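Chains A and B are the protein sequences, given in the same order. Residue 235 in the working numbering is what sits at position 229 of the first sequence, and the numbering runs on without skipping anything. Residue 15 in the working numbering is what sits at position 9 of the second sequence, and the numbering runs on without skipping anything. Following: one structure in structure tokens, then a few remarks.
Number of protein chains: 2
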Amino acid sequence: MELNYFNMPFAKKLLKNKKIKQKVNNCLNFLFSPECEMTGWVDYPVQYDKTEFKKVKEISKNIIKNSDVLLVVGIGGSYLGANAGIELLKNNKGKEVRFVGTNFSARDLLEHLDYCKNKNVTINLISKSGGTTEVLIVMKILEDFLKKKYKKNYLDRIIITTDTTKGYLREYATLNNIETLTVPSNIGGRYSVLTSVGLLPFAVAGLDINKIMQGAKTSYDEFKTNEFENNNVLKYAILRNYLYSDKKYATEVLGSFDPYMESFGKWWQQLFAESEGKDEKGLFVCPLSYSKDLHSVGQFVQQGKRNLIETLVYEENENKDIIIENIQDESPIKYLEGKSFNEINKCAYLGTLEAHKNTGMPIFEMKIEKIDEFNLGYLYYFFEASCAISGLLLGVNPFNQPGVEDYKTNMKNLLRNN
Amino acid sequence: MELNYFNMPFAKKLLKNKKIKQKVNNCLNFLFSPECEMTGWVDYPVQYDKTEFKKVKEISKNIIKNSDVLLVVGIGGSYLGANAGIELLKNNKGKEVRFVGTNFSARDLLEHLDYCKNKNVTINLISKSGGTTEVLIVMKILEDFLKKKYKKNYLDRIIITTDTTKGYLREYATLNNIETLTVPSNIGGRYSVLTSVGLLPFAVAGLDINKIMQGAKTSYDEFKTNEFENNNVLKYAILRNYLYSDKKYATEVLGSFDPYMESFGKWWQQLFAESEGKDEKGLFVCPLSYSKDLHSVGQFVQQGKRNLIETLVYEENENKDIIIENIQDESPIKYLEGKSFNEINKCAYLGTLEAHKNTGMPIFEMKIEKIDEFNLGYLYYFFEASCAISGLLLGVNPFNQPGVEDYKTNMKNLLRNN
Chain A
7 MELNYFNMPF AKKLLKNKKI KQKVNNCLNF LFSPECEMTG WVDYPVQYDK TEFKKVKEIS
67 KNIIKNSDVL LVVGIGGSYL GANAGIELLK NNKGKEVRFV GTNFSARDLL EHLDYCKNKN
127 VTINLISKSG GTTEVLIVMK ILEDFLKKKY KKNYLDRIII TTDTTKGYLR EYATLNNIET
187 LTVPSNIGGR YSVLTSVGLL PFAVAGLDIN KIMQGAKTSY DEFKTNEFEN NNVLKYAILR
247 NYLYSDKKYA TEVLGSFDPY MESFGKWWQQ LFAESEGKDE KGLFVCPLSY SKDLHSVGQF
307 VQQGKRNLIE TLVYEENENK DIIIENIQDE SPIKYLEGKS FNEINKCAYL GTLEAHKNTG
367 MPIFEMKIEK IDEFNLGYLY YFFEASCAIS GLLLGVNPFN QPGVEDYKTN MKNLLRNN
Chain B
7 MELNYFNMPF AKKLLKNKKI KQKVNNCLNF LFSPECEMTG WVDYPVQYDK TEFKKVKEIS
67 KNIIKNSDVL LVVGIGGSYL GANAGIELLK NNKGKEVRFV GTNFSARDLL EHLDYCKNKN
127 VTINLISKSG GTTEVLIVMK ILEDFLKKKY KKNYLDRIII TTDTTKGYLR EYATLNNIET
187 LTVPSNIGGR YSVLTSVGLL PFAVAGLDIN KIMQGAKTSY DEFKTNEFEN NNVLKYAILR
247 NYLYSDKKYA TEVLGSFDPY MESFGKWWQQ LFAESEGKDE KGLFVCPLSY SKDLHSVGQF
307 VQQGKRNLIE TLVYEENENK DIIIENIQDE SPIKYLEGKS FNEINKCAYL GTLEAHKNTG
367 MPIFEMKIEK IDEFNLGYLY YFFEASCAIS GLLLGVNPFN QPGVEDYKTN MKNLLRNN
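This is the structure in structure tokens:
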């Protein structure tokens, strides 16, 4: 990955500033120290559980053999990472993966059940705590569905991904002899995509999970070993944090010119919003999909309130392509004759970058040679590490999410008292 | 619709303030005056072209009869409104509608073509100017696809929706005797959902377009006749504008507890971002989907930087439902036994409203009895009118989008010179 930045005249000096260097080193020391909790993800690309990894592969092979669809039941960090990668890279080596249990909508669940009625189905329940309301409700309905379909053998159609030892789902799995995978207890939901939480859905969808881990390891190695001056994880964190400290900036948008990056944007949004949005701090983060959104929020990005930062992820090569040929002389797009979709998309990207640069807005440009498993793993780790450092620089705990409890508590009280 | 607002102690006084009343009256006078351009949408619910409306119905009947899929080719205002309504209300009286031409992705287009290869297809090209690059490129590829499938008769499979007289697509339709529908020249893309731009896709998807227009008319009547004190269109605009003028607020989120409202959120986002995001002004607007996003941006909404305004759209009755029965005694959701998804979703809504109120954040609550065609039409018009007044109060022209041109100009220059 190549990281560039524009409209940040302060950057060069800042990245050489000794006080900043010291501050970042303090964050790094803390992140790698035992006092910092929920950091199991930090060394995970080199210290992941190889037995578990092998188990993921075996289970996925079995699902690909005996199922048409894998229904993943999870909310937040339990589905966003897997959804992102599968939208980008699903292929015909695997099977369809659908995500349910992200809401309390009967219509949504019934539509999934209707879709699955004549198909062979496996379900993967994912809840680290083992007690997520959305997951347990949908689990109940899906179990009834599986019972009708597979009679006595329905439990063979369930995989539970949860804490190693604790929680209702772990107990339930033990009691009923259900196949399980684990979420390490020191890794939170939004940092869990490289664990079984993401890896099983990836493998079922036909993604090469070895390559994902290799990409993550490369990013990890760069993060651990690159000098301060060449460390992109740190650069992104430091510059973001500096921009935030200038009260002018309220929002960061993540723009991409690949429509299949939309779910990746939602993963990125959760990562940063949950890690930094606390103690009345943080940038509001919002993913955008270009060129679509250039005909929408694009107007605001170009000419609206100057409180935005933009991060652009750009893929230099896309595989599938179409050449545009035999265009009528009268057509306004006559000049595009002989051009390919990729060429046009590249010019849309460069044209947008130029237009956005001209607004004076601070822009990060992340160039990826190709979106494949390796670079996907790389990006996951890159953003996780950078978000952690950014959060620590901001002075918040990037690994908790106390604000998510408030609606849950109210909801449960209302439901108990009705 | 019921409009409530919370954490706006200034509201009562403000809505009685004579200066504000005068300012709003000036905006209204301007909006209804001939000097204000691109306001064909304002009286449209009572003055729409009945012959065109009839034509939409006839064309849609024909498409339902002879096609499995309608491919709508359009970007921005040419698809967002239709996509929103169809996601909410598609039914088995109609046929499938898919939206293409919103990007320069070969993969996206190829996947649509692959899906359609054994199906009967009609395409609806929508571009008011008749020269939108995304639309003309995809048109070229789709025409080749139709030619192969329908030989000489392929032109019968195309409907063009464009300006009454001007532009390449209009000329092309005349020359080739292609069926057309019109976008009135005084209605811009993001205010066009109640014209043929939205109505044809709606009708093909099985939505009752009479009821949509009735809902819009009811909203229009309320907007035109209700006293200042009871005029929800004006209230929402005035309070939003007041909050904006307090420099504290940077972002408005639109939250809904219906996952099928996501596309409606994208329509709302374009409407406000393109109408107000200019002259270095405007709120950043972002739709959220709850409860999903409560496990993501929800953390920021609850505890992050206090620069948010929230608008909640809540549907009191949802039709399809599931009752949760026979829950194990050990399950953490035992207390939900006998409850329905709707009941739980309602408590999730009320629990969230309470939690968000407790943050002190200004909140608008829009209660809809039921999301149906009538209320959909009502909501479209409500937001259009409110956005227009809000933009005029902000001192911008809510009916142009000059910033959208910048990337296009750059892109075209790059493509011409390569």
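Using N, Cα and C, we set each Cβ at its ideal position, and we do this for glycine too. Note that the coordinates shown come from a computational prediction; the quantities given were computed from them, not determined experimentally.
Roughly how many angstroms separate the alpha carbons of residue i and residue j, rounded to a whole number?
i: A/Met14; j: A/Asn97; result: 40 angstroms
i: A/Asn406; j: A/Tyr226; result: 22 angstroms
i: B/Asn313; j: B/Val402; result: 22 angstroms
i: A/Ala90; j: A/Val291; result: 17 angstroms
i: B/Ser297; j: B/Gln308; result: 13 angstroms
i: B/Ser281; j: B/Lys287; result: 10 angstroms
i: A/Asp299; j: A/Asp162; result: 44 angstroms
i: B/Thr167; j: B/Asn68; result: 16 angstroms
i: B/Gly137; j: B/Trp274; result: 25 angstroms
i: A/Lys259; j: A/Thr317; result: Strictly speaking, residue 259 of chain A in this sequence is Val, with Lys absent from that position. So the two alpha carbons sit approximately 6 angstroms from each other.
i: A/Lys414; j: B/Leu115; result: 41 angstroms
i: B/Thr393; j: B/Leu277; result: Correcting the residue identity first, residue 393 of chain B is Cys in this sequence and not Thr. C-alpha separation (whole angstroms): 7 angstroms.
i: A/Ala211; j: A/Glu102; result: 6 angstroms
i: B/Met372; j: B/Glu93; result: 20 angstroms
i: B/Lys60; j: B/Asn364; result: 50 angstroms
i: A/Phe36; j: A/Lys29; result: 11 angstroms
i: A/Gly310; j: A/Thr358; result: 16 angstroms
i: B/Val410; j: A/Asp49; result: 44 angstroms
i: B/Lys223; j: B/Lys56; result: 14 angstroms
i: A/Phe12; j: A/Met367; result: 8 angstroms
i: B/Pro404; j: B/Ile26; result: 19 angstroms
i: B/Phe380; j: B/Met7; result: 11 angstroms
i: A/Ser66; j: B/Phe151; result: 37 angstroms
i: B/Asn416; j: B/Pro408; result: 14 angstroms
i: B/Lys99; j: A/Asn192; result: 51 angstroms
i: A/Met219; j: A/Leu356; result: 31 angstroms
In the DSSP assignment, find the unbroken beta strand (DSSP E) run with residue i in it and report its ends.
i: B/Glu8; result: Glu8 to Phe12
i: A/Phe370; result: Ile369 to Lys376
i: B/Asp169; result: Ile164 to Asp169
i: A/Ile81; result: Unbroken run through A/Ile81: none, as it is neither H nor E.
i: B/Asn35; result: Careful: B/Asn35 lies outside any beta strand (DSSP E), inside the alpha helix (DSSP H) at Lys24 to Leu37.
i: B/Leu342; result: Looking at the DSSP string, B/Leu342 is not in any beta strand (DSSP E), and its letter there is neither H nor E.
i: A/Thr108; result: That residue, A/Thr108, is in no beta strand (DSSP E); it is neither H nor E in DSSP.
i: B/Ile130; result: Residue identity differs from the one stated: residue 130 of chain B is Asn in this sequence, not Ile. Its beta strand (DSSP E) spans residues Val127 to Ile132.
Apart from the five residues on each side of it in sequence, which residues of its chain come closer than 8 angstroms, Cβ to Cβ, to residue i?
i: B/Val62; result: Leu187, Ser202, Leu205, Leu206, Ala209 and Ile215
i: B/Ile143; result: Gly107 and Phe110
Could you pull out every residue in the same chain whose Cβ sits closer than 6 angstroms to the Cβ of residue i, ignoring the five residues on either side in sequence?
i: B/Glu140; result: Ile81 and Gly107
i: B/Ala391; result: Phe229 and Val239
i: A/Ile184; result: Leu161, Ile164 and Ile166
i: B/Ser396; result: Ala243, Arg246 and Asn247
In the DSSP assignment, find the alpha helix (DSSP H) that holds residue i and state where it starts and stops.
i: A/Val62; result: Lys56 to Asn72
i: A/Asn98; result: Premise fails: A/Asn98 is in no alpha helix (DSSP H) and is neither H nor E.
i: A/Val52; result: Tyr50 to Gln53
i: A/Ile395; result: Glu379 to Leu400
i: A/Thr415; result: Glu411 to Arg422
i: B/Gly244; result: According to the sequence provided, residue 244 of chain B is Ile. The question's Gly does not apply to it. Taken as a continuous stretch (DSSP letters only), the alpha helix (DSSP H) holding B/Ile244 covers Asn238 to Ser251.
For residue i, I'd like the list of residues in its chain whose CB is within less than 7 angstroms of its CB, leaving aside the five on either flank, ordered along the chain.
i: A/Gly195; result: Gly82, Gly83, Ser84 and Lys134
i: A/Tyr266; result: Glu93 and Leu94
Taking the runs of the alpha helix (DSSP H) that are 4 residues or longer, which of them lie wholly in the stretch 257–313 of chain A? 268–282 and 303–309
Does the stretch 238–246 of chain B come within contact of the stretch 16–35 of chain B, defined as at least 3 CB pairs closer than 8 angstroms? yes
Taking one C-beta from the stretch 383–395 of chain B and one from the stretch 322–332 of chain B each time, how about it: are there three or more such pairs within less than 8 angstroms? no
At a Cβ cut of 9 angstroms, what residues of the stretch 318–352 of chain A count as close to chain C, listed as they run along the chain? Here the protein chains are A and B, and chain C is not one of them.
Would you check if the stretch 117–130 of chain A and the stretch 72–81 of chain A touch, i.e. whether three or more CB-CB distances between them fall below 8 angstroms? yes
Indicate whether the contact test is met: 3 or more Cβ pairs, each with one atom in the stretch 315–325 of chain B and one in the stretch 364–378 of chain B, closer than 8 angstroms. yes
Contact between the stretch 156–167 of chain A and the stretch 102–116 of chain A: three or more CB pairs below 8 angstroms? no
Specify whether the stretch 44–53 of chain A and the stretch 167–181 of chain A touch according to this definition: at least 3 beta carbon pairs, one from each stretch, less than 8 angstroms apart. no
As an exercise, report each continuous alpha helix (DSSP H) stretch of at least 4 residues that is fully enclosed by the stretch 137–220 of chain B, in chain order. 139–156, 174–182 and 202–210
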